[in-house]
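One structure below.
In our numbering, the protein residues as written are 1298 to 1630.
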C-alpha cells in the first residue's frame, strides 16, 4: 500500500531548518545508526509530498570494513530471507531466497562460510537509507544467523539542518522526534508545520480536507496579493501628483508574506498623515486603525476574502540616510 505524505509549511518566520523524516524498524536497538529517510524544504505557504510504500532493500558489508564499503542495495521480498554467500573466497553477495519468515518482514540470511564472514547490514525503504544494524562486535550478523527488518508503521519528524550524505543519528535522537502513526490502509496523510505560541516550530497531523483547504487559501492569498499589487500600481500616478515617485516594486510571497513597494520623495519631505490616509483609503480594504510613530505610518485593515489571517498591516517608512520610503503590506496574526 502506497501512502502519500503531505507537508504544508505554515510557520510564521523563514528558517534554515528543513523537514527531516525518519523511519524505524520494530524493536530498534541502541547500536542502530539512522539516516534521514527523506528531507523536504517547502517555502512558507508551500507544500511538498513524498510517497511511502512497501519497497524494501538491503545492503551488506564485511564487518570491520569502513562503512563506505557496503554493497549495492538489493530488493528484498516480504516473507523470505535472502541468502548471503561468498563462494570461492569471493566477497559476500545477496542471492537466492532462503528460509521463510513473517510475512511483514524482510530478511538476510548469512550463509557466507567460505570463509566464515561476519556482516553488517543497512536497510532501505523506497530506495532511501533508513538504518544500519549489526554494526558492533556483539551485534554483527554471524554465519548461520538471520537479520530481520519489519517497518514500524510510523514516521518520525523534526526540523533541522540538511544532513550530509553520510550523517547518521542515534536512537536517542530519533526518539526525541515527533512520531505520527501511519495506518496501513491510509492512502494519504497530511501534516502542517506551524509556529506555536512560544515561537517554536512544530508538526501536527491534519485531515486531508483541512490540508486541501489550507492549500486553497494559500493560492487565494497569492492571488489576493497580486491583485493588491496591481491596486498599488494604479495609484502610482496619484502618488506622483503628491510628489512621490516609484523607485522599486517587488512581490515576495515566500518571505513573511510581504508585498513591498518603495517610493522616493521628489521633495525630500515626509508625507503628512492626511496624505497617507488619502492614499490608503483608495485601497479597497476597510481601515481598522491608523497610527504614526516617528517616520513610520501604520494602518491596519480588515482581512480580505477570508484568508487564514486576521488582517493586513500597511507601513510607510523613511530611511535615515535618504528620502526613500517603503510601503509594506504584511499579514499579521
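Beta carbons are placed, not taken as given, at the ideal position from N, Cα and C, and that holds for glycine.
In the DSSP output, which residue or residues are listed as bridge partners for residue i?
i	result
residue 1356	1419
residue 1413	1410
residue 1425	1422
residue 1394	1379
residue 1346	1303
residue 1452	1477
residue 1404	1378 and 1445
residue 1501	1489
residue 1335	1318
residue 1371	1355
residue 1467	Looking at the DSSP assignment, residue 1467 forms no beta bridge with any residue, so it has no partner.
residue 1457	1315
residue 1430	1418
residue 1438	1416
residue 1330	1429
With distance defined between alpha-carbon atoms, name the residue in the options nearest to residue i.
i	options	result
residue 1474	1377, 1378 and 1453	1453
residue 1497	1366, 1456, 1507 and 1403	1456
residue 1480	1316, 1502 and 1491	1502
residue 1667	1467, 1494, 1466 and 1420	The structure shown does not extend to residue 1667, since the chain is modelled only from 1298 through 1630, so no value can be given for it.
residue 1371	1413, 1412 and 1425	1425
residue 1339	1377, 1358, 1440 and 1459	1459
residue 1347	1358, 1357, 1316 and 1384	1316
residue 1500	1298, 1476 and 1483	1476
residue 1422	1384, 1436 and 1446	1446
residue 1298	1468, 1507, 1436 and 1484	1484
Anyone know if the C-beta pair for residue i and residue j falls short of 7 Å?
i	j	result
residue 1431	residue 1451	no
residue 1373	residue 1360	no
residue 1345	residue 1319	no
residue 1355	residue 1405	yes
residue 1418	residue 1448	no
residue 1433	residue 1409	no
residue 1489	residue 1335	no
residue 1337	residue 1300	no
residue 1465	residue 1343	no
residue 1486	residue 1302	yes
residue 1389	residue 1414	yes
residue 1472	residue 1442	no
residue 1375	residue 1391	no
residue 1309	residue 1492	yes
residue 1366	residue 1358	yes
Just mark residue i as buried or exposed, buried being the case when its beta carbon has 16 or more other beta carbons within 10 Å.
i	result
residue 1341	buried
residue 1427	buried
residue 1323	exposed
residue 1393	exposed
residue 1321	buried
residue 1429	buried
residue 1556	Low local confidence applies: a pLDDT of 35 at residue 1556 is under 50, so the model's placement there is unreliable, with the coordinate-based value given in what follows. It counts as buried.
residue 1402	buried
residue 1311	exposed
residue 1386	exposed
residue 1313	exposed
residue 1540	Confidence is the limiting factor: at residue 1540 the pLDDT is only 39, short of 50, which leaves the residue's position unreliable and the question unanswerable from this model.
Does any residue of chain D bring its CB to less than 7 Å from the CB of residue i?
i	result
residue 1422	Any reference to chain D falls outside this structure, which holds one protein chain only.
Pair every Cβ in the stretch 1395 to 1408 with every Cβ in the stretch 1327 to 1343, then say whether three or more of these pairs are closer than 8 Å.
-> Flag = no, the stretch 1395 to 1408 and the stretch 1327 to 1343 do not touch.
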